[in-house]
Amino acid sequence: MHGVPGARWQQESQLHITLRFIGEVDGDIARDIAGELDRLRFHPFAIALQGVGMFDARGYPDALWAGVEPHEPLAHLHRKIDRMCVRCGLASERRAYLPHMTLARMGRAAGPVTPFLAENAGLSLPAFTVSTVTLFESHLSHNGAIYRQAAQYPAQGS
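Residues in the sequence shown are numbered from 11 upward in steps of one, following our numbering.
Pasting the structure below:
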């Protein structure tokens, strides 16, 4: 996590894989979502970080990320959680789900990113087991998002 001038690299405590972005909700909806997640059932599964990529906004690099393989176990959890959120009154997620771990956020002055992407294209880290889903609250500060764990939902058999 270096080599791109102006990139705002994530702190270790900020690294995560988002299953469903919920956004700002009132206390009643937050409690309803937490209640739905209490019923979340899944078995532990293994994933690995592989490869890197970039999201752009209006033609400018916006974020650098590490890819996640395999996609399907996370996509399955994403669909389950999305349905739970819809039952609580939220709109269904419209964007295609691409499991990833954000490594850096970018401003328009950051870059270039091509050398980073080329140097790290072959990223392949050992697999690890996903045995817990964590619900986070995030609060934006001038240094980026600050995450606070709100609840954890363990896999069955973990």
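Just so you know, even glycine gets a beta-carbon here, dropped at the ideal spot from N, CA and C.
{"Item": "Locate the alpha helix (DSSP H) running through A42, then write down its first and last residues.", "Value": "For clarity, residue 42 is Asp in the given sequence; the question names Ala instead. Where D42 is concerned, the enclosing alpha helix (DSSP H) stretches over 37-47."}
{"Item": "On a CA-only basis, which of T139, L108, T142 is nearest F31? Give me that one, please.", "Value": "L108"}
{"Item": "Rounded C-beta distance between E147 and C98? I'm assuming under 8 Å.", "Value": "About 16 Å separates the two Cβ atoms, so there is no contact after all."}
{"Item": "Would you mind giving the Cβ-Cβ distance between G33 and A120, rounded to the nearest angstrom? I have them listed as a contact below 8 Å.", "Value": "So it is not a contact: roughly 25 Å between Cβ atoms."}
{"Item": "Would you tell me roughly how many angstroms separate the C-alpha atoms of S141 and A44, rounded to the nearest one?", "Value": "18 Å"}
{"Item": "Within 10 angstroms of its Cβ, does T112 collect 16 or more other Cβ (buried), or is it exposed?", "Value": "buried"}
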